[in-house]
Amino acid sequence: MRLPAPEHAGAPVQPIRIRPARRRRVLDALLLVLAALVVAGVLLLLSASLGPSALLLCGFLALVPLGICLLGLRWIDRWDPEPRSALLFAFLWGAGASVVVTLALGSYVVQLLGSALTTAPPELLGPVLQAPLVEEFAKGLGVLILVYTRRSHFDGPVDGIVYAGTVAAGFAFTENILYFGAAVLEPGAAGSLVGVFILRGLFSPFAHVMFTAVLGFALGAALVRGGGNLRILRAFVLGLLPAIGGHMLWNGGTLVLFDDFFLFYLVVQVPLFGAAVLAVVLLRASERRLTEARLADYARTGWFTAGEVRMLATAPGRAQALAWARRAGAEEDMREFIRTGTRIAHTRQRMLSGRRDADYAAVERELLEQAELRRAGIIRRAS
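Last residue of the sequence shown: number 384 in our numbering, and the count goes up by one each step with no gaps.
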């Protein structure tokens, strides 16, 4: 039986860590600290408004839809996981800064809309028009910041979806606390809270994620083509428009289109969610095909064998390789070998697409050496 291990050892090399420039590391750390402080401030305001006990209860309930969203995003991100620090910033921005921006701009936007649309009823101005405009802009700012501070980690639409979805999951977490808290303060709190939890936490946990993911898709697609500032900002606007439109449809469906919520849910919301899942499945398949095609370039020059390409670029190959490595005591090296192989493929794609936002030739050399190191470690532990 042929073992699904790397097929040649290569020369031993010293461990390598590919680090961003010191200035970039400092900026990333500063952004994380600032985002965390804003979240802390938001939680203090919520505690003062709802009371500590109600905040704990509502926060606990809000963890349910948050967990559902994060599990879904983790599934999307499995092929080429994004850095945890970048995902943490995305979540913190959504849970804190996006909420602050929304609250700061909301009343002004309502006034502007009211002046422009004098005959529009209040229930249309706020939830259907103002909320989608302000909330999607606030969430989108976080994704845009990541584009400029973590551009080298954007390999395509899937990465944009993951970052945008994480921002949206953070925003939905805080927003759910607000909605649950409002239900707690109403007469007949138990019944109101259960109803709001079912509608927001169980029926539509992915709503915000789906809206903002469209913006993430647009930004990720723009970066694939080596987007400069103009292309990035154009993609931001073009992605923001359908995100806002989808949000308006979601919020206004029962006010404008349907009288019955469950009919609206079945006719509009469920098909939208199904279309989103199908789109993600197709994008993930495209990501796997790209990995295989780019690693095949290296196989033709001897850096990888054909067997290694199959192992690194297919889900069954990865699963079989990890199972074998686990039995051989080389699981950590195998996981890193797989991650490094994926990064090599994406780095190659960036070079072919003409991206100039980093020295990808140097990154490529370091990653190839890292792959040699991991391959040697696997064979040493398995022998």
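Glycine residues also receive a C-beta, built at the ideal position from the N, C-alpha and C atoms.
If you're wondering where the values come from, they're calculated on a predicted model, not measured in any experiment.
Option in the options with minimal Cα separation from residue i
i, options, result
"F241", "T120, S108, A362, K140", "Phe is not the amino acid found at residue 241; the sequence shown has Leu there. Comparing Cα-Cα distances from L241 to each of T120, S108, A362, K140, the minimum goes to K140."
"F92", "G221, L106, V34, G192", "V34"
"F265", "W80, S205, R232", "S205"
"F207", "A383, G73, L51", "G73"
"E83", "A383, I380, I379, T341", "T341"
"A331", "W80, I380, A214", "I380"
"L25", "L267, R289, L179, I146", "Correcting the residue identity first, residue 25 is Arg in this sequence and not Leu. Comparing Cα positions, the closest option is I146."
"R75", "V65, A30, S50, G166", "G166"
"L64", "L203, G246, D81, D298", "L203"
"M335", "Q371, G275, W304", "Q371"
"A173", "V148, H209, F305", "H209"
"A30", "A286, W304, L89", "L89"
"V148", "I233, L239, W304, L279", "I233"
Beta-carbon gap between residue i and residue j smaller than 8 angstroms
i, j, result
"A314", "E293", "yes"
"C59", "A170", "no"
"G221", "G143", "no"
"A244", "L216", "yes"
"L56", "L47", "yes"
"L113", "M249", "no"
"V27", "G95", "no"
"A300", "M312", "no"
"F218", "P158", "yes"
"W87", "Y180", "With the sequence shown as reference, residue 87 is identified as Ala, and Trp is not the correct amino acid for it. No, the pair does not count as a contact, with Cβ atoms beyond the cut-off."
"T175", "V43", "yes"
"R327", "W80", "no"
"T150", "L231", "no"
"G182", "L273", "no"
"N177", "P317", "no"
Spatial neighbours of residue i in its chain, beta-carbon cut-off 8 angstroms, leaving aside the 5 residues before and after
i, result
"G127", "V111"
"T348", "Y361, V364, E365, L368"
"M352", "Y361, A362, E365"
"R319", "M312, L313, I339"
"V268", "F259"
"L239", "A219"
"R235", "A223"
Sequence-distant residues of its chain with Cβ nearer than 6 angstroms to residue i (five each side left out)
i, result
"F155", "G221, L224"
"G227", "S354, G355, R356"
"A190", "none"
"V281", "I77"
"F259", "F265"
"R295", "A346, R349, Q350"
"M211", "A277"
"R85", "none"
"E337", "R375"
"G247", "F212"
7 angstroms CB neighbourhood of residue i in its chain, flanking five on each side removed
i, result
"R344", "L368"
"D358", "R152, S153"
"G11", "For G11, the pLDDT reaches just 43, beneath the cut-off of 50, and the residue's location in the model is therefore unreliable, leaving the point undetermined."
"A98", "A36, V39, G143"
"L284", "P158, V159"
"S193", "A184, E187"
"D298", "R349"
"L291", "A346, Q350"
"F305", "L296, Y299"
"V310", "E293, L296, A297, A300"
"Y109", "none"
"G115", "L126"
Minimum Cβ-Cβ distance from residue i to chain C less than 8 angstroms
i, result
"V148", "Given the protein chain composition of this structure (a single chain), no chain C is represented."
- Count the CB pairs spanning the segment 242-256 and the segment 191-200 that are closer than 8 angstroms, and state whether there are at least three. Judged by Cβ distances under 8 angstroms, the segment 242-256 makes no contact with the segment 191-200, as fewer than three pairs qualify.
- Would you call the segment 127-137 and the segment 97-108 touching, i.e. three or more CB-CB distances under 8 angstroms? With the cut-off at 8 angstroms, the segment 127-137 and the segment 97-108 touch.
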